[in-house]
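To keep things clear, I will list the structure first and then write my remarks on it.
Residue numbers (this note's numbering): 5 to 269.
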């Protein structure tokens, strides 16, 4: 207890905590979009339970990984090298490299899964005929609860490792990391139902969210190959796209209200 008081007596620790909470919340957006889209494919009575369980698993996984920080940091050590790399820039950093760590492998596999999942969902959204595929929301076969949770768990693992490595890079104090992770997951829990309901009410937002997932998957794959895309660019693009879609929704609602007034007259 004395050690905890000593840690939080330092103003720099509080600054690191606030910064880390904000970063963890932002990183959790990707995870939350995936959970919302996948849970909306379940029967109505299972959707909220799937979101709660998915976010709960994300918290458990993050706290479990925090208890194994030494192992997590070890995931960044190279395990094999194919010997290829891109042209170095002005600072001598290659444009890409094939010296892979376990973290890189996990990011590449997770990115490929996201690209496959988003592409499949986009195909099902634009194809007017049901295919009978388990993932097809137009098919008579519903996505199983267990299948949804397994897919959420797999992506939870990818996003959790990225989240914890971010936390390790921000502070050396484990209590700060734990508080930041719990706060970020609590925000995810509060935002899960409103986000899922908003996506359900606005079908065009589904396509936008799938586009986000496709972009995030591509960025994860690039990161695995040593191509580090600044996250600020990614979230700025997402915010701009969301702003344009918000204007479209506003316009459609205004047109619907005008149409109702004309019919009432």
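The C-beta atom is built at its ideal place from N, Cα and C for all residues, glycine as well.
Does DSSP classify residue i as helix, strand or coil?
{"i": "residue 58", "result": "helix"}
{"i": "residue 256", "result": "helix"}
{"i": "residue 71", "result": "coil"}
{"i": "residue 87", "result": "strand"}
{"i": "residue 202", "result": "helix"}
{"i": "residue 215", "result": "helix"}
{"i": "residue 16", "result": "helix"}
{"i": "residue 234", "result": "coil"}
{"i": "residue 271", "result": "No answer is possible for residue 271: it lies beyond the span of the chain, which begins at 5 and ends at 269."}
{"i": "residue 45", "result": "coil"}
{"i": "residue 268", "result": "helix"}
{"i": "residue 128", "result": "helix"}
{"i": "residue 247", "result": "helix"}
{"i": "residue 148", "result": "coil"}
Does the Cβ-Cβ distance between residue i and residue j come in under 8 Å?
{"i": "residue 166", "j": "residue 62", "result": "no"}
{"i": "residue 200", "j": "residue 44", "result": "yes"}
{"i": "residue 230", "j": "residue 100", "result": "yes"}
{"i": "residue 30", "j": "residue 239", "result": "yes"}
{"i": "residue 120", "j": "residue 102", "result": "no"}
{"i": "residue 109", "j": "residue 228", "result": "yes"}
{"i": "residue 66", "j": "residue 153", "result": "no"}
{"i": "residue 25", "j": "residue 187", "result": "yes"}
{"i": "residue 21", "j": "residue 185", "result": "no"}
{"i": "residue 79", "j": "residue 217", "result": "no"}
{"i": "residue 172", "j": "residue 73", "result": "yes"}
{"i": "residue 1", "j": "residue 122", "result": "As displayed, the chain neither begins before 5 nor continues past 269, which places residue 1 out of reach and without an answer."}
{"i": "residue 70", "j": "residue 182", "result": "yes"}
{"i": "residue 170", "j": "residue 27", "result": "yes"}
Counting C-beta neighbours from all protein chains within 10 Å, is the total for residue i 16 or more, i.e. buried, or is it exposed?
{"i": "residue 42", "result": "buried"}
{"i": "residue 85", "result": "exposed"}
{"i": "residue 115", "result": "buried"}
{"i": "residue 125", "result": "buried"}
{"i": "residue 142", "result": "Bear in mind that a pLDDT of 46 at residue 142, under 50, signals an unreliable position, so the model cannot answer this."}
{"i": "residue 268", "result": "exposed"}
{"i": "residue 164", "result": "buried"}
{"i": "residue 192", "result": "buried"}
{"i": "residue 46", "result": "buried"}
{"i": "residue 248", "result": "exposed"}
{"i": "residue 51", "result": "buried"}
{"i": "residue 251", "result": "exposed"}
Residues in the same chain with beta-carbon distance under 7 Å from residue i, minus the five sequence neighbours each way, listed in chain order, please.
{"i": "residue 196", "result": "36, 39, 40, 55, 59"}
{"i": "residue 83", "result": "104, 105, 106"}
{"i": "residue 157", "result": "61"}
{"i": "residue 223", "result": "233, 238"}
{"i": "residue 209", "result": "202, 203, 249"}
Based on the DSSP output, what are the partners of residue i in its beta bridges?
{"i": "residue 105", "result": "82"}
Report all residues from its chain with a CB closer than 6 Å to the CB of residue i; omit the five preceding and five following residues, and keep chain order.
{"i": "residue 225", "result": "112, 115"}
{"i": "residue 246", "result": "none"}
{"i": "residue 207", "result": "none"}
Might you give, ordered along the chain, the residues of its own chain that have their beta carbon closer than 8 Å to the beta carbon of residue i, omitting 5 neighbours on each side?
{"i": "residue 212", "result": "245, 246, 249"}
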